[in-house]
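Below is one structure, written out as structure tokens; the observations come after it.
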Amino acid sequence: MIFIIIDYRFIYNLSFKMSFVSFMGICILGSIFKRWILNLNFINKIRGFFVFLVYYIVDNFVMSLSANIFLLPILVSYFGFVSVSGIFYNLIASAIYPIIFYLGIIYLIFDFNFIYYLIYNLLALIDFIVNQKQLIWYF
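Position in the sequence shown counted from 1, then plus 100, gives you this note's numbering.
Here it is, written out as structure tokens:
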């Protein structure tokens, strides 16, 4: 919102619109989806470290899905198509990027070669996922 105070023309910028709308999607739908998913019966039976893992996956899924739902009208109006497979690829990539970030910090501190190779392979996995054939719906 500070950008709007500095220069009101940011409202017309596509990147501002997409950022604002995806943020609103996460704020509005995020808590609803998270509450709905975490109230499922099988999630309450998970114990130990897997609780952390389930919450991590659910958080990434909910944020990505709610942002994508709110972005759909903007994507269709500006570009005329929606990459359906891109939504699912985003779910995978959004779960991997935080791991790469924390591994990068550990690598900067300790300089272990296996961490470098792990980061390299995770980035190669994301590159492989992104470069797959896309399912696109044109409008």
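All residues carry an ideal CB built from backbone N, CA and C; glycine is no exception.
Outcome for residue i when other beta-carbon atoms lying within 10 angstroms are tallied against a minimum of 16
i: M124; result: exposed
i: V162; result: buried
i: F179; result: exposed
i: S122; result: buried
i: S115; result: exposed
i: N190; result: buried
Backbone CA spacing between residue i and residue j [nearest angstrom]
i: S183; j: A224; result: 21 Å
i: K145; j: D159; result: 18 Å
i: F170; j: K134; result: 16 Å
Enclosing beta strand (DSSP E) for residue i [first to last residue]
i: I236; result: 236 to 238
Assigned secondary structure, residue i (DSSP; H/G/I helix, E/B strand, else coil)
i: F161; result: helix
i: F179; result: helix
First and last residue of the uninterrupted alpha helix (DSSP H) at residue i
i: F228; result: 213 to 230
i: N190; result: 184 to 210
i: I128; result: 114 to 138
Taking 8 Å as the threshold, find out whether the segment 192 to 210 comes into contact with the segment 139 to 154 through three or more Cβ pairs.
No: fewer than three Cβ pairs fall under 8 Å.
So, does the segment 208 to 215 touch the segment 168 to 187, judging by three or more C-beta pairs under 8 Å?
Segments in contact, no.
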